[in-house]
Structure formats: structure tokens, C-alpha cells
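Shown next, in C-alpha cells, is the structure this report addresses.
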Amino acid sequence: MKFFYLGTVLIFLLFNGCANKELVTNRYFKAYTKDEILNASKLAFKDVPNSEYIVDSYRNKLEVTKIELFYNILKKKGYILKVDEDNCGTSATLELKTSDSDGKNSQYDDIDDHNEVWDRIDYFLGKKDEVLADGKKLTKDKRLDKMFINYVQNISNNKIIKPTKDMSNCVIKNEFAFGVIKDKIDEENENK
């Protein structure tokens, strides 16, 4: 009977060795290609002051790892951004996985990290003029007196990605694709 309990405890510890919790969010970027979204995502992680991210880029996804040390606990955050392009734009899925070295399950259902990443991506796509990135404020101030100061402090202002997707083949077949209601892009199709 001792061996049964000991075996059960060992199996439980084996499966609980690296506790993982994940959260997934989706966004649809109208008129952007998957390469533009992936480039903006790279900038969102690499051009952050004091960034400690390891970025691995693939054809349809971006894997980003951040390793943190909190007292004597090693924590790994893994961001996975998957993109899928259609005729009208690109659907992006962001997944965040965390694991701790102490084997405790980290309750990671916080949406704030996701919102921060999406905001940084929007910033590099030119949709936002100001964003917080790891406690630092990135701004695009248009006033002439602050232009030089902002240029020196934040070189990333020149790295805005403009949409280049050819929208001539954009025909909405399913308006609820990817869980997002898409707008009709081509106004000429509505008038016909």
C-alpha cells in the first residue's frame, strides 16, 4: 500500500513539474499583410526600452520568450503570435504561456499583458500616438519644438508600418470569419 501512495505522489509531481497556464486573444487587421503584422510585432518586442525578449520569427508566427527572476523563482513567459492572411487583411492570434521553475501553478488569466502587446503593435502600425511599453512612454509628438527631443529619445518613431495590401480582391464571403465582423472594404462593390 505504501508503494501505491508513493507511486501516486511521484506521478503527481512528475506531471506538475512545470505548471502552465495560457490565455489567447484574437485581432483582425484590415488592409495589412501578414508580413506587416509580423514586422510590427517584432518592433513591439525589440524596440522597447530595457527589453529582455528573445524573438524567433517564422513564416506564419512569431515566438517571443522573456525569462524573469523573482527572488529565487525562475519564470518564463512565452508569447506566440500566429497570423493568417486573407484577401481583406490579416487575423492574428496571441497566446501567452507562463511556467515557473518551482512547480507551482501560476494563475495567469491577466489580460493586461495581451492588451499591452496589442497596443504596442497598434503603435508601430501607426494607429496609436502614445503607448506604454514596460513602464516607458513611447510617443509621436507632432509639435516642432519636441520633434528633435522625441527623435533622440525614441528612434522607433520612424518605424511606422503602413498598409500595402492590395484590396482589389477583397470579397467578404463570411462576415463572421475568425469571430470578427469584417467591414466591406471596396465601396465600388456596394454601388454595383
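For reference, each letter of the sequence shown is one residue, going 1475 to 1666 in the working numbering.
Idealized CB from N, CA, C, for every residue including glycine.
Going by beta carbons, Met1641 and Ala1505 fall inside the 9 Å limit. Counting of Cβ neighbours within 10 angstroms places Ser1565 among the buried residues, the total reaching 16 or more. Lys1516 sits in a helix when the DSSP states are folded into three classes. Distance between Tyr1545 and Thr1539, taken at the CA atoms: about 19 Å. Here DSSP, grouped into helix, strand and coil, assigns Val1591 to helix. Counting the other Cβ atoms within 10 Å of the Cβ of Arg1594 gives 16 or more, which makes it buried. Shown here for Gly1600: same chain residues with a beta carbon closer than 6 Å to its own, the five before and five after excluded, namely Ile1634 in chain order. With contacts defined by Cβ atoms closer than 9 Å, Leu1536 and Ile1554 form a contacting pair. Spatial neighbours of Lys1639 in its own chain (CB-CB distance under 7 Å, excluding positions within 5 residues in sequence) are listed in chain order as Ala1505, Tyr1506, Thr1507, Gly1563.
In the displayed model, Lys1551 falls within a strand according to three-state DSSP. Taken through DSSP and simplified to helix, strand or coil, Ile1585 comes out as coil. Listed as beta-bridge partners of Arg1533 by DSSP are no residues whatsoever. The C-beta separation of Phe1519 from Tyr1527 comes to about 4 Å, placing the pair in contact by the 8 Å criterion.
Our two residues, Val1522 and Phe1598, have alpha carbons roughly 11 Å apart in a direct line. Excluding five sequence positions before and after His1588, the CB atoms of its chain that fall closer than 8 Å to its own CB belong to Leu1497, Thr1499, Leu1568, Leu1570, given in chain order. Annotated three-state conformation of Tyr1502 is strand, per DSSP. The straight-line gap separating the alpha-carbon atoms of Lys1556 and Leu1512 is approximately 9 Å.
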